Every structure is written in structure tokens, then in C-alpha cells.
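According to the working numbering, the sequence shown holds residues 346 to 739 in order.
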Amino acid sequence: MSNKSGLSVFSGTSVMITTMLGSGVILLPRAFKDLGYIIGSLTFLGIAAITFFTLFTLCSAAFQTEKKGNYSYFGTCQSISPILAYAADSCIALQGYACCLVYLIALKGWLPKVFGLQTDGIIVVGVVIIPLFILSSLKSLKKLWFTSYVSVGSVLFLSFLIIFYCIKLGGYEMKASGFGFGSAISVMVFALGCHQNILKVFNELEKCDLKEIVKVSLFSVIGGSVIYIGIGLTGYYLVGDLKMSILEEMLEGEVSDKINGLTGGGMLVKGAVLGFCFVMMCAFPMQVQPARDSILNLIGKIFKKEKISESARMISTVVFVLSIGGLACIKKLEYGFVLNIVGATCTTFITFLFPSLVYALGKNGNGILRILAGGVSLLSAILSCFMLYQVIKG
Numbered sequence: 346m347s348n349k350s351g352l353s354v355f356s357g358t359s360v361m362i363t364t365m366l367g368s369g370v371i372l373l374p375r376a377f378k379d380l381g382y383i384i385g386s387l388t389f390l391g392i393a394a395i396t397f398f399t400l401f402t403l404c405s406a407a408f409q410t411e412k413k414g415n416y417s418y419f420g421t422c423q424s425i426s427p428i429l430a431y432a433a434d435s436c437i438a439l440q441g442y443a444c445c446l447v448y449l450i451a452l453k454g455w456l457p458k459v460f461g462l463q464t465d466g467i468i469v470v471g472v473v474i475i476p477l478f479i480l481s482s483l484k485s486l487k488k489l490w491f492t493s494y495v496s497v498g499s500v501l502f503l504s505f506l507i508i509f510y511c512i513k514l515g516g517y518e519m520k521a522s523g524f525g526f527g528s529a530i531s532v533m534v535f536a537l538g539c540h541q542n543i544l545k546v547f548n549e550l551e552k553c554d555l556k557e558i559v560k561v562s563l564f565s566v567i568g569g570s571v572i573y574i575g576i577g578l579t580g581y582y583l584v585g586d587l588k589m590s591i592l593e594e595m596l597e598g599e600v601s602d603k604i605n606g607l608t609g610g611g612m613l614v615k616g617a618v619l620g621f622c623f624v625m626m627c628a629f630p631m632q633v634q635p636a637r638d639s640i641l642n643l644i645g646k647i648f649k650k651e652k653i654s655e656s657a658r659m660i661s662t663v664v665f666v667l668s669i670g671g672l673a674c675i676k677k678l679e680y681g682f683v684l685n686i687v688g689a690t691c692t693t694f695i696t697f698l699f700p701s702l703v704y705a706l707g708k709n710g711n712g713i714l715r716i717l718a719g720g721v722s723l724l725s726a727i728l729s730c731f732m733l734y735q736v737i738k739g
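Here it is in C-alpha cells:
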């Protein structure tokens, strides 16, 4: 099947890398600090290898069970079990909800610091929630197409800024190993997770062929890993004993005094933070709408309603956004904790557990690969329990 107006392998890879680049990147330096530069790098490469394998198993299962050009995460899981399909859709919805909560908590903390304001977080949430609700209520998000480029630009700007400061200011001695696996692995899994969009890219490829989407998967994982390991290691080298995200360390941590001593140093950091704030505000509705629609679709299937009315969508959007705003007002709730929780659960299921299960339980896969997929399923379930325990304990 050929689609001349579709995506090339390069374009598909760009879309997937853009999907990866998000809020997870700012916590990677701390993750590498928790594990050390050697153990951290090896762990990240191991997670990247499993990520590629599960991208392959998901696409392969879809290729074997669904019609070309009509692949979906829900449909692929449904070919194995309706329960698995509903579980997958629920996890995608919960992950979207948690991402929005992470964005709003981060905005609540960052905006006053950038503008030097002594403002209560509840007031910031109250002000920011208005444009976020308006954006989330849009019928079409096509007008926000440019945000993918801004997202990539913000991450690249941050990476070049960290490298520049490493050269100008030097850095700290990095330890080779550490044992903070619980929180570190959940951040790495969250950072590499892109499985919810791989089948959409598969549908839009010029050649809707398994070999082509495998190339996209491989190049995406390699490209994302290079960017992430680079930011993780250089950020760790620059700051040393990270206690916050790399942006917060550069904005108000110990290294900020050195940065402010450079001409225009403080303004560059504030520019990087504002760039991420803008990306998060635009990414908020892009997470709200699919998460909301997943919930409404699940409700529709349970109660056998084929069509969801616009009034139901609007009411659900109001409830969705206001509930996120209410949770974001909790003073002791940190976005790093939320990110670690969702990384340990929903993201691990979407990225590792479900893709490996649909291949392992399918009938048409390679025998050895099916056994390997079964092993990944078991490993991901154990890993999820371990990470969740460590995050809650910590």
C-alpha cells in the first residue's frame, strides 16, 4: 500500500522524536546523578533497546491483525482481548491527565520565579487555567501545529545552553555508579515513551510497510537516546548534586550564581524556562483532548452509545481542566512525584507491557520473539511494581 502524500521515513522519525521530547527531559540529569554516569548510561541504553523492541512488537502485531492504514492501539489490543483494549485506553487517558497535571504544577512554580513575583501558587493556577481551558475547548488543534517545532527548539536550546555553560564554567566530578533505580528508571521510561503515536505514524507512511515503520522506530530511539543521554550527562556534570530539575537548578540552585556572573547568563536561563512554559501551555490541550476522548469513548462503549454529543465533550472538558487545577493547588504535590508515579505505572504499561503482551499472545509472530516478548511482559510488570514501591517509599 502506497501513499504518495504520506510521511517519509525521515518525516516519520521527526514526528516520533518530537513525541518523545517533553517534560521528562528536565529531570534526566537528576536521574543520571542517582545512577552515576556509567550505570545511568547503561541503564538508559537498556531501556532504549527494550523501547525499540516493544515498538516493533506493537507494529508487528498491528500489521498482522488489522487492515493496512487503519492501525490503532485500541484495535491491536482488542484483537487479543477486549479487557486489554479497555485497559490500554484507560492508561492512555490517565497518562494524558497526569501529564497535564505535571505541566500545571510546573507552570505554577516556574512563572513567578521567572518574573520575580512573590505570588501564591493558587493565584497563578487561577490565572493560567483560563487560557488552558480555552485552548482545550478548541474543536481543532491544527492551529497549534507549530508547537512541535517550538518543543524541539526549546529542548535543543536547553542542550546547547548546558554545553555552553559546561565549557565556560566547568563542572563537578561525577560518580560512576549509584543505586537510585526506582525514580531514575521511571523518568527514563517516561522520557522515551512514544508508543501511543507510533501506529498513527504507521498509517501515514508513504509505504505502509512493516520494514518502513521498523526503520522509523529504530531511528527514533537512536535519535532520542543521543539527545537524552547528552542532556542527562552534561546537566549532571554542570550542576553536580542535583536536587531539582535542571531548569530549576540553573534558575535558583547553587550553579545559578555562577551563571548570573556571566554576561546575559540569567536572561538566557529565563528564556529557556519561558520556552518550556510556552511548550507546556500548548501541549496541555494536546494531552487533554485525546485523554478526554478516550474516557468518553470508553463510557460510550460500556453504555453502547455510538455518538458522543458536543455538550458532553464540553462538560467533560470543564470537569477535566477544573479537577487538574484543583490538584495543582495542593502545595506539597510536586510534579517530579507525579511524573515518577505515571512513569512507573501508565507509561510502563503503554510502553512495555501492552506492546509485548499483544505480540506474545498473538498467533502469527516469530516463536523466539514471542518468548522474548513474554519475558519483557513479565519484566515490565515486576519493574512497574518495583518502581512504584521505590517512588512511594522515597
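Cβ coordinates follow ideal geometry from the N, Cα and C atoms, glycine included.
Keep in mind the model is a prediction, meaning the values are calculated, not measured.
Taking Cβ positions, are residue i and residue j nearer each other than 7 Å?
i    : j    : result
H540 : I695 : yes
A406 : V703 : yes
K484 : V469 : no
G748 : I474 : No answer is possible for residue 748: it lies beyond the span of the chain, which begins at 346 and ends at 739.
V736 : S528 : yes
Y582 : C511 : yes
L698 : S725 : yes
V546 : V360 : yes
S639 : I437 : yes
G385 : F377 : yes
V600 : V618 : no
E557 : V354 : yes
G441 : Q632 : yes
V571 : L372 : no
I383 : A536 : no
P763 : L480 : Residue 763 cannot be examined here, being either before or after the span of the chain that is shown, 346 to 739.
L643 : I653 : no
G575 : G381 : no
I450 : A673 : yes
When you compare each of the options to residue i by their alpha carbons, which one comes out closest?
i    : options                : result
T693 : K677, P427, L667, V534 : V534
T358 : S565, A438, L706, L477 : S565
I508 : G577, I530, A536       : G577
L613 : V559, F697, L596, E518 : L596
V663 : F524, T399, F478       : F478
K615 : K738, E594, M631, Q632 : E594
C422 : G351, C404, L439       : C404
M732 : Y431, F665, F526       : F526
S482 : R637, K646, S729, A443 : R637
T399 : F460, G580, Y418       : Y418
Counting C-beta neighbours from all protein chains within 10 Å, is the total for residue i 16 or more, i.e. buried, or is it exposed?
i    : result
G391 : exposed
G379 : For the record, residue 379 in the displayed sequence is Asp; it is not Gly. Buried, because 16 or more other Cβ atoms sit within 10 Å of the Cβ of D379.
Y416 : buried
Y734 : exposed
F648 : exposed
T690 : buried
S499 : buried
I530 : buried
G681 : buried
T608 : exposed
M589 : buried
D434 : buried
I660 : exposed
A394 : exposed
L506 : buried
Ends of the alpha helix (DSSP H) at residue i?
i    : result
C511 : 492–514
Y704 : 699–705
S654 : Note, S654: premise wrong, no alpha helix (DSSP H); not H, not E.
Y573 : 555–584
N415 : Counting along the chain, N415 falls outside any alpha helix (DSSP H), and DSSP gives it neither H nor E.
D434 : 427–460
S722 : 712–738
C404 : 382–410
C627 : 610–647
F547 : 540–549
D602 : 600–605
N685 : 680–687
T364 : 354–365
G466 : 466–481
G369 : Segment: none, G369 is in no alpha helix (DSSP H) and carries neither H nor E.
L537 : 526–537
M595 : 591–597
Between which residues of its own chain and residue i is the CB-CB distance below 7 Å, once the five residues before and five after are set aside?
i    : result
T464 : P457
S493 : T363
N709 : Q409
G611 : I604, N605
V447 : S368, Y680, V683, L684
Cutting at 6 Å between CB atoms, please list the residues of its own chain near residue i, excluding the five before and the five after it.
i    : result
A718 : T402, S701, Y704, A705
E411 : G420
R375 : L587
G598 : none
Once you ignore the five residues that flank residue i on each side, which residues in its own chain have a CB closer than 8 Å to its CB?
i    : result
V495 : G620, F623, V624, C627
G568 : T358, I362
K513 : L607
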